[in-house]
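*Asks:* Below is a structure I'd like to ask you about.
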Amino acid sequence: IDLAISIFFLANISTVLLIETQALLPTWIFPKLLQALLKWHVHANGDFLLRRSPPFYLGIISGNIFIRVPLMLLNAYAFYYG
Numbered sequence: 001i002d003l004a005i006s007i008f009f010l011a012n013i014s015t016v017l018l019i020e021t022q023a024l025l026p027t028w029i030f031p032k033l034l035q036a037l038l039k040w041h042v043h044a045n046g047d048f049l050l051r052r053s054p055p056f057y058l059g060i061i062s063g064n065i066f067i068r069v070p071l072m073l074l075n076a077y078a079f080y081y082g
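Structure follows, in structure tokens:
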């Protein structure tokens, strides 16, 4: 079960870093494949927060990047090796 939890944390980290950060950073930083994945996600799921990126949501994404990602890295490490 610890391995499954570690994989869950790593999957969440990749989602934050590859998808959610596209709302904060310029699009030219990301490969076309990731840009297409974000467009597909917004269209398929109707994700208005990523489509419009209101200011409060940009703050949430910043919190995800600087607080949640490091904690998920530590959690994944702790579950895998602990």
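Residue 71 in the UniProt record's numbering sits at position 71 of the sequence shown, with consecutive numbering throughout. Heads up, the beta-carbon is just placed ideally off N, CA and C, and yes, glycines get one too.
(1) Buried or exposed: residue 76, going by 16 or more other Cβ atoms within 10 Å of its Cβ?
(2) Taking Cβ to Cβ, would you say residue 65 is nearer than 9 Å to residue 17?
(3) In or out: residue 14 buried (at least 16 other Cβ within 10 Å) or exposed?
(4) Going by beta carbon distance, what residues of the same chain come within less than 8 Å of residue 54, once the five residues before and after it are set aside?
(5) For residue 30, which three-state DSSP category applies?
*Replies:* To lay it out plainly:
(1) On the sequence shown, position 76 is the one that residue 76 refers to. That one is buried.
(2) Taking the sequence shown and counting its residues from 1, the one referred to as residue 65 is at position 65. Taking the sequence shown and counting its residues from 1, the one referred to as residue 17 is at position 17. In this structure, residue 17 lies closer than 9 Å to residue 65 by Cβ.
(3) Along the sequence shown, read from residue 1 onward, the residue named residue 14 stands at position 14. That one is exposed.
(4) Locating residue 54 in the sequence shown gives position 54, counting from the first residue. Answer for residue 54: no residue qualifies.
(5) Numbered from 1 along the sequence shown, position 30 holds the residue referred to as residue 30. In this structure, residue 30 counts as coil in the three-state DSSP scheme.
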